[in-house]
Amino acid sequence: MNMEYYNAVVAMEKAGVDPEFLQGWQGGYLLNPMREEQRLTEAYEAGYAAGQEKDMDAYKEWVKG
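So the mapping is simple: our numbering equals the position in the sequence shown, first residue as 1, plus 4.
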């Protein structure tokens, strides 16, 4: 198991990050194809870009509340 990935996801979930950002981050980190265009959101695209860069701190801008 990739503990870096696991720990980052747990931290984002505990912080209450926007679920769209988290889904994007997971997809980008795992190098999955991006969602189809009509389902893209600003949060998802930001998460996807951060995931591709393995950025573990970008989520802090997307914490709800």
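Positions of the beta carbon are idealized from the N, C-alpha and C atoms, including for glycine.
Output the boundary residues of the alpha helix (DSSP H) element that contains residue i.
i: Lys58; result: That residue, Lys58, is in no alpha helix (DSSP H); it is neither H nor E in DSSP.
i: Ala15; result: 7–19
i: Glu24; result: 23–33
Apply the 10 Å Cβ neighbour rule to residue i and answer buried if 16 or more other Cβ atoms are within range, or exposed otherwise.
i: Gly20; result: exposed
i: Asp22; result: buried
i: Leu26; result: buried
i: Met16; result: buried
i: Tyr63; result: buried
i: Tyr52; result: buried
i: Glu24; result: buried
So, does the CB of residue i fall closer than 8 Å to a CB anywhere in chain C?
i: Glu8; result: Absent from the structure: chain C. Only one protein chain is present.
Can you round the beta-carbon distance between residue i and residue j to whole angstroms, since I take them to be within the 8 Å contact cut?
i: Gly32; j: Ala47; result: Not a contact, Cβ separation roughly 12 Å.
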